[in-house]
Structure formats: C-alpha cells, structure tokens
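Residue numbers (our numbering): -10 to 474. Inspection log for the structure reproduced underneath, given as structure tokens.
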C-alpha cells in the first residue's frame, strides 16, 4: 500500500467519484469463514457488476430547513458565499426542503418584517427573493411546505404564487401541511380523532384552490412523521397527480438514554418502513423521498449527534435509503422548531455569520463522492463486526466499493473480488480521531476549508494480486475503494 498520492478535486472526482449505491447481501454474521474458504478475520467481499440493482439519482443528497431558519436575514442567499459553497461542495444538484413544524405556525406577509420564531415565523418577499438567488447560485431545487395547520386556502395560494415567482424552474413541488398524522396530538392543530380521510379532504381543497390560480403547480405528500400507511393510501388516492411521496424519519427522539451505540446499530423499524414505502412507490410509479430526517429528533443529542460517529451513521444511512429505492433524502440542518441550532446540523452556524462543516457533513460529502449512479450486487460476511459494504458503477470502467466500519474497536481486513478484471485500485478514507470526536474529521486526508472548499489530498494506491485487492478498514472509519479497468 502506498500513501501520499496527491490529487486535485477535479482529478479525484474524475477518477474516484462513484454514481450509485447497492444494498449489501450478507450471509449470517459471525461466521469464522465464508463459503468461499476465506480465512478467519478476513472479510471477503464479492462484487457482481452484472447484477444491477437500480440507479440513484444525481439529486439524491438534500438538506432540510424549518421555515423559521429561512426567515433569518441573509442565510439562504446568493450573497452568503461561504454557505453557498458548502452546499455546492455536496454536489452540483440537490434538493432543499423548507417546512418543518414551524411552517404550520407561520404566516406570509409580503411587505412585512421577517420573523424567525418557533410558533410565530413571518416570511416576506425579501427572504423569498434571497432564497431564489440561493437556488440559482447552488443549482439545487426546492420543496416548499405550505401552512395547513393554522392557515387558510387563500393564504396558501398567495404564498404559493410568491414562491413560484422566485423559485421558477427550481421548484420541485409543494407540500401541504407538515406531519399531518400528528395534527391531533403533539401539534394540536386539529381536535382528537383527525384521520387520514380528514387530511385527504383538506389536502384536496388546498390543491384545487392552488391549481385554480397556478395550473402548473406540482405537489408532494403526505409528509408524515410516522404513519407509513398514510403514504400507502395517499399513493393510491393521489398517485396520478404527485411528484413525490414524502415521509420523515428519526432514529428516535433525543433523551438521556440516546447513545452513539444506538445510532450506529440497525434500527429494527427502519427496514420494514422502507419496504412499505418502496412498495407504495412501485405500485403508484411515484418516487419516494425521506424529506425530513436526522439522528435524534428535537435537535439531536449533544455528544452523539455532533460527533464523528454521526458521519459514519449518515453515510451508511444514505446508502441504506438508496438501497431501498428512495429517490433522495433531506438532512435537517440549522435552527430547529425549538429555536436553536440543532446538534445534528451538517452545516454549523454560530449565528454570527460563520458557517462550517460539522462532523455529519463529512458523511454527506463521502456519499456525494460514492453514492449516485448504478448500484450493483455485493455479497459478503461481516464476520460478526459492524461492517457494511455497498458497490456502485460510475460507468462501464469504474467501480466504487464503500466499506463502513462502525465498530469502536477492531480493524477489518477486507479482500475484494469481482467477476471482471480491474487493473488499478486506490482508496479514499473517511476518518476522525474517535467516534466521539467533534473536531479533526477528514475525507481523503483533507478537511473542508473555512470557505467551504474541499479536495482530496491523500489517495492510497492498492495492489491487485491474482485479481484480488485487499484493504484494511480501521475501527470507526470508512474506505471508498475505487477500481478501474
């Protein structure tokens, strides 16, 4: 293995970026050797490039904002150059979602003063014009949530008109209401007994009113917190007139017992939920997107959500979603529904004009280098460790295998085989001092600069012997192995 190969970002992206994700096919973990005769302690990974599993779109990566965050003067603006760069570094295309709990307590006052407050946000035309410039500067598209909880149809029409005017071709869809499955509970927007049928009736009234004034408006929904069955029913009832099916996800809500160990191990509820969403998407031919998500709701858990462990979680989580056929994900960042900057924010904000790449950002950045494109089959046995593997073809000559070791202890030696010959191999690493570290995170031996720039500085060359490539993946790290014909 040879370290110290320096490349600029363009060279790295040309040779190292990958374009798709694939879910791992794993045999029962804990075996001493796999059925191909692998030695104890060596994880043998076999990639079958002839077994495509689907394509992950270029705009898969996204960020999510409370409307109260967008109401802050100058935040999402083309003039906020460092912030623009931090977003652009995650990709030339992506999706911004604006909504959250604050959207159902907000008002649109065109000439009023903007206010950012948990239950009293005021959005005005000046902030919307800034947002339009931000979309132009980043090239990203927009999902915008309209107030169903405490607004009126007339107000929704006026707001939708103003948003369309500034977003133009960058507007992907409107959502009507945020987490309506909780309207009769935590948000108390409706009396007890509010049902899916109640929501569908209101949604259709709002949609009809908006379409009467704005015939080209497109919609996404139902934007639920947890009621996946609402998505299944919505796909049937509205699937012929939807841009996206939308759902939220958090590992749990932040509490004293929330730990990194919990975050870095499989959530038993996620797999079945994604299977339901994928089935609804396939039956209706409407893509689904996890449009609000992060580690622990309520702003995250300090000491967990803001550590290097969250970067490994985010990288693995995004691959998991892509493997389940999701069209994209919007990771929450910035000020939350409680009025403070969330611990889980990928983009740090000191609220005095300084923005930075927080640990979780590096997980998104790693996925941006390795996640979009043609997913292919991976077969491996993790040998009882907390290791996952995903393979992606960028084109017919380049393959990226992403290996994520979420274990706190135990380096993994990985042997990589494919059904075809590759002539060159190198590896880009995602690493930090420890799972608990809040500083010192690097991708490709480089940190994101204060100006939002990143380029890989260290890419290690790997030897290929008898059509097998071997790489070591230290505990609490990830490796992106790039194989070329």
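We treat Cβ as the ideally placed atom computed from N, Cα and C, and that holds for glycine. These numbers come from a predicted model, not from an experiment.
Provide the residue(s) that pair with residue i in DSSP beta bridges, ordered along the chain.
| i | result |
| --- | --- |
| residue 379 | 391 |
| residue 404 | 33 and 459 |
| residue 241 | 285 |
| residue 317 | 278 |
| residue 164 | 134 and 209 |
| residue 415 | 450 and 471 |
| residue 104 | 111 |
| residue 344 | 338 |
| residue 41 | 365 |
With a CB to CB cut of under 7 Å and the five nearest residues on each side skipped, what residues in its chain are close to residue i?
| i | result |
| --- | --- |
| residue 142 | 194, 195 and 198 |
| residue -3 | Residue confidence is low: residue -3 scores 38 on pLDDT, short of 50, so the model does not pin down where it sits. No coordinate-derived value is stated. |
| residue 440 | 71 and 74 |
| residue 139 | 93, 94 and 178 |
| residue 474 | 386, 411 and 412 |
| residue 245 | none |
| residue 146 | 198, 199 and 202 |
| residue 137 | 93, 165, 166, 169, 191 and 195 |
| residue 435 | 443, 444, 445 and 446 |
Do residue j and residue i count as a contact pair if the criterion is CB distance below 7 Å?
| i | j | result |
| --- | --- | --- |
| residue 404 | residue 61 | no |
| residue 365 | residue 382 | yes |
| residue 208 | residue 172 | no |
| residue 424 | residue 468 | no |
| residue 494 | residue 454 | The question about residue 494 has no answer here: the residues shown for the chain are numbered -10 through 474. |
| residue 219 | residue 185 | yes |
| residue 312 | residue 299 | no |
| residue 380 | residue 367 | yes |
| residue 392 | residue 378 | yes |
| residue 128 | residue 81 | yes |
| residue 224 | residue 273 | yes |
| residue 76 | residue 96 | no |
| residue 539 | residue 340 | This structure gives no information on residue 539, because the portion of the chain shown stretches from -10 to 474. |
Short of 6 Å in beta carbon distance, which residues of its chain neighbour residue i, apart from the five on each side in sequence? Order them along the chain.
| i | result |
| --- | --- |
| residue 159 | 124, 130 and 131 |
| residue 152 | 133 |
| residue 421 | 297, 429 and 430 |
| residue 395 | 253, 301 and 375 |
Please report the Cβ distance between residue i and residue j, rounded to the nearest whole angstrom; I am assuming they are in contact, meaning their Cβ atoms lie under 8 Å.
| i | j | result |
| --- | --- | --- |
| residue 270 | residue 261 | Not really, about 15 Å apart at Cβ, beyond 8 Å. |
| residue 471 | residue 45 | Not confirmed; about 17 Å, so no contact. |
| residue 465 | residue 301 | 7 Å |
| residue 266 | residue 237 | Incorrect: roughly 11 Å between the Cβ atoms, too far for contact. |
| residue 333 | residue 399 | That belief does not hold up - the Cβ atoms of residue 333 and residue 399 are roughly 26 Å apart, past 8 Å. |
| residue 351 | residue 430 | 5 Å |
| residue 135 | residue 148 | 6 Å |
| residue 100 | residue 319 | 30 Å between Cβ atoms; not a contact. |
| residue 161 | residue 232 | 6 Å |
| residue 176 | residue 90 | 6 Å |
Output needed for residue i: all residues of its chain with C-beta closer than 8 Å, excluding positions within five of it in sequence on either side, in chain order.
| i | result |
| --- | --- |
| residue 451 | -10, 414, 415, 416, 458, 459, 460 and 470 |
| residue 239 | 282, 283, 284, 285 and 286 |
Count the CB pairs spanning the region 62 to 82 and the region 342 to 351 that are closer than 8 Å, and state whether there are at least three.
-> yes
Are at least three pairs of beta-carbons, each pair with one atom in the region 52 to 61 and one in the region 316 to 327, less than 8 Å apart?
-> yes
Cβ pair count under 8 Å reaching 3, the region 77 to 97 against the region 272 to 287 = yes
Does the pairing of the region 108 to 121 with the region 297 to 312 give three or more beta-carbon distances under 8 Å?
-> no
Check whether the region 34 to 44 touches the region 98 to 114, taking contact to mean three or more Cβ pairs, one atom from each stretch, closer than 8 Å.
-> no
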